[in-house]
Every structure is written in C-alpha cells, then in structure tokens.
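Its first residue numbered 660, the sequence shown is counted upward by one per residue in my numbering.
Presented below is the structure to which this report refers.
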Amino acid sequence: MTRMLIMGPPGSGKGTQASRISDKLGIVAISTGDIFRYNVKEMTELGKEAKKYMDNGDFVPDDVTNRMVADRLRQPDAQRGFLLDGYPRTAGQVEALDAMLKEDGHALSVVIELTVPDDELVSRLLSRADTEGRADDTSEVIQHRLDLYHEQTEAVIESYVDRDIVARVDGTGQIDDITERLLQAVYSVRERTGSLPVVESVDAGDAES
Ligand code: AMP
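Encoded structure:
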C-alpha cells in the first residue's frame, strides 16, 4: 500500500506529475490546491474562507486545511493508498497528518521532492498566468508563494528526510522523463525501506487514547 506525498515549489509541475504517477501506481491523487479552487468556484463556505488567503498567496489556516484533508482521506477511494499533492506545507500540518494516519495504524511510505531552480519556476508561472489566468500567478504573489515555500515547506521536507523516506527528483526537462524519474524514485524508496517501520511504533495504551 503506497501512502505518499509529492512536494515541490509552486510551478514545479507537481500537479501534472501527481496525476501521471498516481495513475501508474493505481492510487488516488489528492491536491489541496485543486480542492480549494473547486470550492472557490462553487462559492461554498470553505471556498469563501480559503479565497481570502489564496488570492494573496498565503497559506489557508491549518485548522481549515487539516479538517478538509481529514475528510478527504476518509473517503473510500483513499483507503487503497493515496498521493497527496500540496499537503502538508507547515509543521502543524505534518503533525495533523501523522495523527490522521496513526489513528488507523498507518504511516507514510514515500515522500518525493521535485526540484526546479527558482528562476525557472518564476518563468513557468508567469507563462501559466497567460494560459490559465490563475489569480495567484501575478509576479508579486508568485514571489510570496516561493518565499513561503522556502521558509516553511522546505523544513517540512527536512522532517521527512529524518525519517529516511525522501527521494529528490530533478523536475527539469521533458515531462515524460520526469515521470519516469519519479516512478523510479518511488520504487527505490519502497524497496529501500521495505517493511521497516517509518514512524515510531506506539504501545497499545497510547494507541487507544
Ligand atoms: P497549489 O495549487 O498547490 O499551489 O495551491 C494554491 C493555493 O491553495 C496556495 O497558494 C494556498 O493558498 C492554498 N493551499 C493549497 N494547499 C495548501 C496547504 N496545504 N496549506 C495551506 N494552504 C494551501
């Protein structure tokens, strides 16, 4: 069972690659950015709340985001494994995700980091602004999103490096080549960690509380 994350800065191609590799691995891809954008479009309460933050390139508050992910992970299609795209991005979200998984005795098996130099990210995002017209793809907001990534989300990746489940993958070049590199990285982390526990085991008393 593969429960994995794809991490990477805005513009790294995570969304595109997430749907490609989740298809190959037979698991569902869950993108918090897509769920938020859907809710904004449908003008739900969640969408109205999230929009204030998204338009400025800020993180939606952890309590809102964590609740949304917890609901999503309870759906039947997430019971056979999943690939989370864009979550967690803060230390608080890492803790929340651990708690969600621990409840069912599960743990993450793989974290993939897609790396792309900042100058390439900015030019990709500016050209995406021309084609997709996303409200958060202006140069000021792009810079803010990149800053947040460097300030907070990189530390999230480091916390997973400590668990020895991270593979770094070069996110530049041809889309097909990147997909292939990602799949190879997933296979090699799965092989390397084998059946080793990836989080500390808990005793029965702890698990019941
Ligand atoms: P993305 O499409 O992943 O770049 O996400 C677009 C926007 O949605 C972000 O700039 C945030 O405002 C919001 N968002 C997505 N995922 C998260 C998250 N894990 N935590 C907080 N905000 C998020």
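Beta carbons are placed, not taken as given, at the ideal position from N, Cα and C, and that holds for glycine.
Closer than 8 angstroms to chain B by CB, residue i
i, result
"P735", "Considering every chain present, this structure includes no chain B. It has just one protein chain."
Any non-hydrogen atom of ligand 1 closer than 7 angstroms to residue i Cβ
i, result
"P669", "yes"
"R804", "yes"
"R748", "yes"
"Y819", "no"
"M713", "yes"
"G792", "no"
"V647", "Outside the displayed span of the chain (660 to 868) sits residue 647, for which this structure offers no information."
"Q752", "yes"
"V699", "no"
"V719", "yes"
"G740", "no"
"D795", "yes"
"T691", "yes"
"T838", "no"
"G716", "yes"
"G830", "no"
"T724", "yes"
"G706", "no"
"G745", "yes"
Residue from the options whose Cα sits closest to the Cα of residue i
i, options, result
"L742", "D823, L664 and I837", "L664"
"R840", "R849, E850, D829 and V848", "D829"
"G672", "S681, A826 and L780", "L780"
"P720", "D744, L705 and V775", "L705"
"S678", "Q843, T838 and R851", "T838"
"K761", "I694, A729 and R851", "A729"
"I686", "D693, Y697, V699 and Q738", "Q738"
"I834", "I689, R851 and I680", "I680"
"M727", "G740, G745 and D714", "G745"
"T749", "M702, I816, E708 and A788", "I816"
"L773", "K683, K700, L684 and V845", "V845"
"F718", "R787, R804 and L842", "R804"
"S782", "K710, A688, Y697 and T831", "T831"
"N725", "G692, T703 and K700", "G692"
"A755", "V825, D722 and E701", "D722"
"D714", "D823, R733, S818 and S798", "S798"
Inter-residue CB distance, residue i and residue j (contact presumed, cutoff 8 angstroms)
i, j, result
"L784", "I771", "Not quite, the Cβ-Cβ distance comes to about 20 angstroms (not below 8 angstroms), so this is no contact."
"G716", "D795", "5 angstroms"
"E851", "S768", "At residue 851 the sequence reads Arg, which differs from the Glu that was named. About 11 angstroms; that fails the 8 angstroms criterion."
"G667", "S690", "That pair is no contact at about 12 angstroms."
"K683", "V699", "Between V699 and K683 the Cβ distance is about 30 angstroms, and since that is not below 8 angstroms, they are no contact."
"S818", "V753", "6 angstroms"
"R733", "I694", "Not really, about 14 angstroms apart at Cβ, beyond 8 angstroms."
Go through the stretch 738 to 813 residue by residue and report every complete run of the beta strand (DSSP E) that reaches 3 residues or more, in order. Fully enclosed beta strand (DSSP E) runs of 3 or longer: 741 to 744 and 769 to 774.
Fully enclosed by the stretch 677 to 706, which beta strand (DSSP E) runs are 3 residues long or longer? Considered as a whole, the stretch 677 to 706 harbours 687 to 690 as its complete beta strand (DSSP E) runs of no fewer than 3 residues, in chain order.
Completely contained alpha helix (DSSP H) runs for the stretch 821 to 858, where each covers 4 or more residues: Taken in chain order, the whole alpha helix (DSSP H) runs of length 4 or more contained in the stretch 821 to 858 are 834 to 852.
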